[in-house]
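Q:
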């Protein structure tokens with residue numbers, strides 16, 4: 117395999133990692149932008165999605181994706197909605213406290229997963245139509261292979277992103293979301309039901325995290341701690357991208373996914389983590405609010 | 201009046217210092233360990249309760265202090281010229297350069313304080329310089345804890361990897377397992393904890409300490425008054441880092457082990473739990489919270505290993521929603537209700553400045 121082909125295949129792997137990160141980070145970013153809420157249980161919503169795909173796979177092995185992914189989305193969205201109603205609503209205006217309370221939730225969910233599914237991972241074999249890969253046999257790129265699963269993940273992430281852009285830009289509820297994001301008090305005064313918008317965005321973000329977990333189940337075993345291992349990286353994406361912006365989150369996810377794939381080829385996985393963190397801290401020295409900052413004339417922001 | 205309250209605060213430390221006279225060796229070990237952790241918890245009070253910045257990576261500084269101590273203990277346990285066992289297993293021929301200073305007890309003790317302090321200082325300078333929000337800082341410190349633990353695990357040949365560093369024999373030429381050594385270690389721990397307590401308390405009364413609290417309650421107002429908040433935040437962050445480093449070194453001595461499992465993301469958040477339970481704005485609350493949560497963890501996780509995470513998760517949600525000011529807040533409220541005069545309530549409110557508004561009071565001047 118030529119070095120160029122190797123670099124391309126790294127880039128491809130990086131993109132698929134970035135796609136999962138994007139799905140994981142979208143909900144975090146949206147709920148922070150809108151509600152100033154940091155949801156530490158977000159990783160566990162991802163985990164729930166993974167387990168739901170596993171359950172679907174147990175029930176109907178051939179339909180693990182067709183049945184599993186919608187189930188993962190719906191299940192995580194429902195759980196997110198319950199979480200918002202029962203817990204997060206009580207803690208508005210106290211971002212650091214929500215962070216702590218939702219961490220308690222994440223412990224409960226992890227332990228529940230451990231009791232139900234066991235401490236070791238469960239595996240989902242992807243269906244036949246996703247099992248192969250497009251291989252390049254001849255020419256300068258010989259040896260390069262694009263696994264169908266990873267292509268599917270990239271396509272799904274792209275689809276979700278497009279859906280979000282349309283939802284935000286073209287629908288009435290999207291307009292409301294943007295309005296609340298810019299100025300909560302003013303939107304409320306103009307008749308937007310801000311509580312409903314909060315609930316909807318939180319459930320939507322949770323559902324997307326569930327999707328992330330669902331596709332993750334196709335390439336790696338689902339374990340009780342799978343959420344925890346993804347959520348820290350997802351937080352870095354949110355920080356780097358700037359809270360509450362679709363564009364920033366998307367760019368940051370690609371940047372972090374590709375950068376860590378590149379760093380992992382040159383160093384080790386652990387050094388790549390350190391380098392990534394250093395990169396984010398260094399970047400924030402130039403743009404403390406991330407890539408895309410929501411402009412505001414408010415003096416103090418959370 | 202002030203002097204009397206200081207004596208009252210010192211009394212529990214004195215009682216604890218004499219614990220070897222009335223407590224068996226097992227519980228003495230627990231008291232020693234948990235009191236060392238209490239030093240770290242007081243550092244979190246300074247940064248979080250008084251400074252308003254939630255640190256989710258204190259395990260890193262705890263680990264730096266702990267590893268500095270452990271590296272020295274590991275080296276003195278060896279015959280001259282030999283390498284620690286895990287280095288031999290990993291095929292190392294020579295002691296790595298950065299291990300060399302730890303042959304000296306003086307340099308090692310200095311490293312316990314200087315390395316975490318320096319690391320905390322650099323991190324604080326980077327994050328406070330550019331006015332990052334407290335949420336960003338919380339998440340960055342958490343990512344730091346993850347990176348630190350991953351790095352320790354991956355560098356097995358020089359850090360001992362997942363197993364960490366253990367099997368110590370002597371400290372400054374004295375056998376560690378000896379009963380007299382354990383007694384002195386216990387007394388030293390209590391004295392250091394008392395020292396940290398009074399240092400933190402005295403700091404709160406200085407201008408710098410008041411400014412830190414002022415920054416928490418209204419950073420921009422402090423700026424408008426002509427102060428730059430960053431140096432004060434960096435200062436408390438360094439102090440908390442040093443507290444954590446000392447705690448790490450003491451804990452390593454008491455437990456006889458330091459490993460990546462004590463420094464990562466989860467242990468770092470657990471440290472915040474102790475403080476949240478005890479009361480984030482109260483030094484004594486943090487100490488008591490640390491003792492209570494760890495005693496509970498010790499007894500519950502040995503009786504029902506599975507239940508511990510459920511208990512901790514529920515306690516955490518309950519504390520944050522029910523009593524944001526922790527046990528210290530409950531005590532103050534009860535004391536205020538029981539108090540015969542309103543003066544008590546007023547005193548309690550005055551003793552816990554900034555107990556309200558808790559967390560971030562977002563003032564928007566739009």
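Residue numbers (the working numbering), protein chains in the order written: chain A, 117 to 418; chain B, 201 to 566. Beta carbons are placed, not taken as given, at the ideal position from N, Cα and C, and that holds for glycine. Keep in mind it's a predicted model, so treat the numbers as computed, not measured.
1. Using CA coordinates, which residue listed in B:340, B:335, B:398 is at the minimum distance from residue 326 (chain B)?
2. Under 9 angstroms, CB to CB, which of the residues in the stretch 225-245 of chain A have a partner in chain B?
3. Show which residues of chain B have a CB atom less than 9 angstroms away from the CB atom of residue 298 (chain A).
4. Count Cβ pairs between the stretch 207-218 of chain B and the stretch 424-436 of chain B that sit closer than 8 angstroms; are there 3 or more?
5. Using a Cβ cut-off of 9 angstroms, pull out every chain B residue sitting near residue 220 (chain A), in sequence order please.
6. In whole angstroms, give me the CA-to-CA distance for residue 279 (chain A) and residue 139 (chain A).
7. Let me know the secondary structure DSSP gives residue 370 (chain B) once reduced to three states.
8. Measure the C-alpha to C-alpha separation of residue 224 (chain A) and residue 511 (chain B) and round it to an integer number of angstroms.
9. Could you tell me how far apart the beta carbons of residue 240 (chain A) and residue 164 (chain A) are, in whole angstroms, since I believe they sit closer than 8 angstroms?
10. List, in order along the chain, the chain A residues whose C-beta lies closer than 9 angstroms to that of residue 427 (chain B)?
11. Straight-line CA distance for residue 382 (chain A) to residue 356 (chain B)?
12. Could you pull out every residue in the same chain whose Cβ sits closer than 7 angstroms to the Cβ of residue 364 (chain B), ignoring the five residues on either side in sequence?
13. Quick one: measure Cβ to Cβ for residue 365 (chain A) and residue 357 (chain A), integer angstroms, because I've assumed they're closer than 8 angstroms.
14. Is there a Cβ from chain A that is less than 9 angstroms from the Cβ of residue 347 (chain B)?
15. Is residue 289 (chain B) buried or exposed, if buried means 16 or more other CB atoms sit within 10 Å of its CB?
16. Could you say which of B:415, B:314, B:536, B:509 lies nearest to residue 439 (chain B) if we only look at CA atoms?
17. According to DSSP, is residue 350 (chain A) part of a helix, a strand, or is it coil?
18. Hey, is residue 384 (chain A)'s beta-carbon within less than 9 angstroms of any beta-carbon in chain B?
19. For a test of the three-state rule: what should DSSP assign to residue 223 (chain B), helix, strand or coil?
20. Rounded to whole angstroms, what is the Cα-Cα separation between residue 248 (chain B) and residue 148 (chain A)?
21. Is residue 567 (chain B) close to chain A? Criterion is C-beta to C-beta, closer than 9 angstroms.
22. Residues of chain A with CB under 8 angstroms from residue 342 (chain B), in chain order?
23. What span of residues does the beta strand (DSSP E) with residue 251 (chain A) cover, start to end?
24. In whole angstroms, give me the CA-to-CA distance for residue 261 (chain A) and residue 132 (chain A).
25. Taking its Cβ as the centre, do 16 or more other Cβ atoms sit within 10 Å of residue 397 (chain B), making it buried, or is it exposed?
26. What do you get for residue 535 (chain B), buried or exposed, if any count of 16 or more other CB atoms within 10 angstroms of its CB means buried?
27. Check the Cβ of residue 217 (chain A) against every Cβ in chain C and list those closer than 8 angstroms, keeping chain order.
28. With distances taken from CA atoms, which of B:488, B:253, B:344, B:400 is nearest residue 212 (chain B)?
29. Whose C-alpha, out of A:378, A:376, A:354, is nearest the C-alpha of residue 405 (chain A)?
30. Please find out if some non-hydrogen atom of the ligand NAD comes closer than 8 angstroms to the beta-carbon of residue 307 (chain A).
31. What are the residues that DSSP puts in a beta bridge with residue 396 (chain B)?
32. Kindly list, in the order they appear in chain A, the residues whose Cβ is closer than 9 angstroms to that of residue 336 (chain B).
33. Against chain B, does residue 363 (chain A) count as a neighbour if the rule is that its beta carbon must be under 9 angstroms from one of theirs?
34. In whole angstroms, what is the alpha-carbon distance linking residue 253 (chain A) and residue 206 (chain A)?
35. Within its chain, find whatever has a CB closer than 6 angstroms to the CB of residue 358 (chain B); leave out the 5 residues flanking it on each side and keep chain order.
36. List the residues that DSSP assigns as beta-bridge partners of residue 463 (chain B).
A: On the basis of the data shown:
1. Each of B:340, B:335, B:398 was checked against the Cα of residue 326 (chain B), and the nearest Cα belongs to B:340.
2. 225, 226, 227, 228, 230, 231
3. Going along chain B, no residue has its Cβ under 9 angstroms from residue 298 (chain A), so there is no contact; the nearest lies around 10 angstroms.
4. no
5. 473, 512, 513, 514, 515, 516, 517, 518, 519, 520
6. 12 angstroms
7. strand
8. 9 angstroms
9. Between residue 164 (chain A) and residue 240 (chain A) the Cβ distance is about 14 angstroms, and since that is not below 8 angstroms, they are no contact.
10. Here the premise fails: no neighbours, minimum Cβ distance about 16 angstroms.
11. Taking C-alpha positions only, residue 382 (chain A) is separated from residue 356 (chain B) by approximately 19 angstroms.
12. 457, 458, 459, 460
13. 4 angstroms
14. yes
15. Taking a 10 Å sphere around the C-beta of residue 289 (chain B), we find fewer than 16 other C-beta atoms and assign the residue as exposed.
16. B:314
17. helix
18. yes
19. coil
20. In this model, residue 248 (chain B) and residue 148 (chain A) are separated by some 21 angstroms (Cα to Cα).
21. No answer is possible for residue 567 (chain B): the residues shown for chain B start at 201 and end at 566.
22. 348, 351
23. 249-251
24. 13 angstroms
25. buried
26. exposed
27. Considering every chain present, this structure includes no chain C. Its protein chains are A and B.
28. For the residues B:488, B:253, B:344, B:400, the minimum Cα distance to residue 212 (chain B) belongs to B:488.
29. A:354
30. For the ligand NAD, the structure offers nothing, since it holds no ligand at all.
31. The partner list for residue 396 (chain B) (beta bridge, DSSP) is empty, contrary to what the question assumes.
32. 355, 359, 400, 404, 405, 406
33. no
34. Cα to Cα, residue 253 (chain A) sits roughly 59 angstroms from residue 206 (chain A).
35. 296
36. Per DSSP, none; premise fails for residue 463 (chain B).
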